[in-house]
Structure formats: structure tokens, C-alpha cells
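Trainee:
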Amino acid sequence: MSEAAHIPVLLAEVLDAAQPGPGRLVVDATFGAGGYSRAFLERGARVIAFDRDPSAAGFAEPLKADFGERFALVLRRFSELEAGLAATGAGAPDAIVFDLGVSSMQLDEAERGFSFMRDGPLDMRMGAEGPTAADLVNTAEPEELADIFWTYGEERASRRIAAVLVRRRAERPFARTADLADTVEAALGGRRGAPTHPATRVFQALRIAVNDELREIEVGLAAAEHLLPEGGRLVVVAFHSLEDRIVKAFLTERAGRTPQTSRHLPPRTEAARPSFALLARGAVAPGAAELAANPRARSAKLRAAVRTDAPPWRTAA
Ligand SMILES: C[S@@+](CC[C@H](N)C(=O)[O-])C[C@H]1O[C@@H](n2cnc3c(N)ncnc32)[C@H](O)[C@@H]1O
């Protein structure tokens, strides 16, 4: 694992938006290698971090040694933020920060099976439980596979790829990432000079499906709305358009920026008063200096908002 793999993305902007400091409690919903958590702790805040990946525990040890009781790691999904935080006995957080997606450690480690660049078992689970990507590829109905590639990978050849995989798995099930990447590449007729590997979209789609990532974001954001008191800060860094679309829709709606469906309708009711005020109008992207130092930051987008005194909105069941 290289040093470069640990560079936290948009750190200065995250600190600016979350405002960690003495006497403040920050929830780091996606601990990873602990880059954000360390920066919050160094500024004097208390930090409760979450990660669904048990291997994140290794990165928590140095923080416990350096900051003692000011830091704790909870190995749970952030969709369980409310129960997880309640179990720690901590009070209301002053800020909740999400840095979505997989970590560079997870991507770089062949054994985790996220990468078409490094051969490994076809796993892709961030946590330790549930079906793997191999289970999905080897057992899902062709229509379900095509839907996954289309919805989570925006892959236009979704049906063709699904048909090829289903035919191939009948002879020999998929077990390795390189085998899947090669089969997808062949199904698409080779590289044809494309700047990215032809299997990029299929790998992204499988990863999102295996980890139920988009639902996690929806539930996690709603949990943050419930947990933050007035003045509390929500900060979210997203890495691809599917993630950012959900964050943008949530914040735009909660900030009352969605136009009323009809001007003949009665004005907004108490329950629909804006629960967040946006900190910046659009998304904040990395500056030129950060991009030069860390090319992996190129698609990162930060959105942040401050909780108002309005009650949380009801969410669709
Ligand atoms: C991009 S990394 C975070 C990097 C971190 N900000 C740092 O500075 O080191 C994302 C982390 O979030 C975790 N994660 C992703 N989805 C999660 C979820 N639904 N619940 C909890 N952790 C999640 C991943 O396991 C990964 O470790």
C-alpha cells in the first residue's frame, strides 16, 4: 500500500465545512484510513467514526494511542448511524461527514476483488457478510444482471454483456476479477482505443449492487437529518455521478429549493419547512494544486449544509 493511497480528498474544504474544534463532536461516517478523523482530532474535536469494513480497525489503533478517549470507531454501516451512535452514549453531534465510496486501500488490495487491474477473487464486499460479486454474476437472472449494469454502471451494452456472462458461466462459473474483466472486454469487441478499461462500468455496477451503496446513502443522509441539532453541519464528498445525484437531490429538496409542484397548492406545511440551509450553492471541487498532487481526487465533489430548526422530513418507507 503506497503512501499516496492515503491522501484524504478535499480535506481543507471538509474542515472548513465541518468546523471541528474543542468541545465539538464530529461523526466521521466513513473512517477508511482515518485521514479525516485524525484532522478533526488534531483540531481538538471528539470523533466517533463508523466503517462497515472490519479491516478499518487497524487504522484506528494509532488514533486511540494519540487521542485516547476523544476517539472511538464503530464497525457498522452508516445506515445504522442512529442506533450505532446511541450505543456509544454520546450526545448530539455537531457535524456528520461522509466520504463516499471505496477507499484506495480497498481498491488497491487484489484480495478484496474490486479491481480489474489486479487479479483477485471476485468478492467486492466492503464488509465481511452477504453475497459476493461472484455469487451475483454466477446466479442472477440475465435480466437482473443487465439491469444492474444499466442502472449502476450506465453501461449501454448491458444486455449483450449479461447474455455473454450467462453463457460463459454455464460452462465455468466466474471466480476471479481478471477472468470477468477479460470476458467483458471480449463481449464489447476489445478495447477499441477507449481511454478507460471496457470493464470499468460493469465493475462499478457490481460493487454498488453487492454493497447496496445507493440505498446506504439515502438512509445515511436521512439518519443525519434526524441526528443533527439546529446549527449542526452535514458534509458529503461523493466520487461519481450516481452518488452525487442522490446527495444533490436530498440537499436541494431539504433546503426547500425544489419548486412547488403547483402554485395552486397551499403553501408548504410545517413538516416541509427546509431542514437544511446550503453552505454553498453548487458542489465544491478540488483545486488545481490538489489535482496535481492527487489525480484520484479528480471526480470528487463536496456538498455541505447547516441544519435548521425545522423537524426532519418524513421519508418514503
Ligand atoms: C473513501 S473511504 C474514506 C476515507 C477517509 N475519509 C480517510 O480520510 O481515510 C470510504 C470508506 O467508507 C467505508 N464505507 C463505505 N460505505 C459505507 C457504509 N455504508 N457504512 C460504513 N462505512 C462505509 C468504506 O469501507 C471505506 O473505508
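Sequential numbering from 3 applies to the sequence shown in the numbering used here. Ideal Cβ positions, reconstructed from N, Cα and C, are used throughout, including at glycine. Model, not experiment: these values are computed from the prediction.
Quick one: measure Cβ to Cβ for residue 126 and residue 204, integer angstroms, because I've assumed they're closer than 8 Å.
Mentor: With a Cβ gap of about 11 Å, residue 126 and residue 204 do not count as contacting.
Trainee: What's the gap between the Cα of residue 145 and the Cα of residue 161?
Mentor: Those two C-alpha atoms are separated by around 8 Å.
Trainee: Note down, in chain order, each residue of its chain lying with its Cβ closer than 6 Å to the Cβ of residue 46, except the 5 sequence neighbours on either side.
Mentor: 23, 24
Trainee: Ligand 1 and residue 57: does the residue's C-beta get closer than 6 Å to at least one heavy atom of that ligand?
Mentor: no
Trainee: How would you label residue 231, buried or exposed, when you count the other beta carbons within 10 angstroms and need 16 or more for buried?
Mentor: exposed
Trainee: For residue 9, which residues from the same chain have a beta carbon less than 6 Å from its beta carbon, with the 5 sequence-adjacent residues on both sides left out?
Mentor: 296
Trainee: Check residue 297 in the structure and name its three-state DSSP category.
Mentor: helix
Trainee: What number of angstroms, rounded off, separates the C-alpha of residue 320 from the C-alpha of residue 253?
Mentor: Residue 320 falls outside the range modelled here, since the chain spans only 3 to 319, and no answer is possible.
Trainee: Just reading off the beta strand (DSSP E) that residue 280 is part of, what are its end residues?
Mentor: 278-280
Trainee: Go ahead and label residue 44 buried or exposed: buried means 16 or more other beta carbons lie within 10 angstroms of its beta carbon, across all protein chains shown.
Mentor: exposed
Trainee: Taking 6 Å as the cut-off, is the CB of residue 54 close to at least one heavy atom of ligand 1?
Mentor: Residue 54: yes, Cβ under 6 Å from ligand 1.
Trainee: Candidates 222, 293, 88, 167: which alpha carbon is nearest residue 142's?
Mentor: 167
Trainee: Taking the alpha-carbon positions, what's the residue 195 to residue 178 distance?
Mentor: 25 Å
Trainee: Go to residue 150, then tell me how far its alpha helix (DSSP H) extends in each direction, as first and last residue.
Mentor: Residue 150 -> alpha helix (DSSP H) spans 144-155.
Trainee: Go ahead and pull the three-state DSSP assignment for residue 97.
Mentor: strand
Trainee: Can you list, in chain order, the residues of its chain whose CB lies under 7 Å from that of residue 248, leaving out five sequence neighbours each side?
Mentor: 216, 219, 220
Trainee: Assign residue 314 to one of three DSSP states: helix, strand, or coil.
Mentor: Looking at residue 314 - three-state DSSP - the assignment turns out to be coil, as it is neither helix nor strand.
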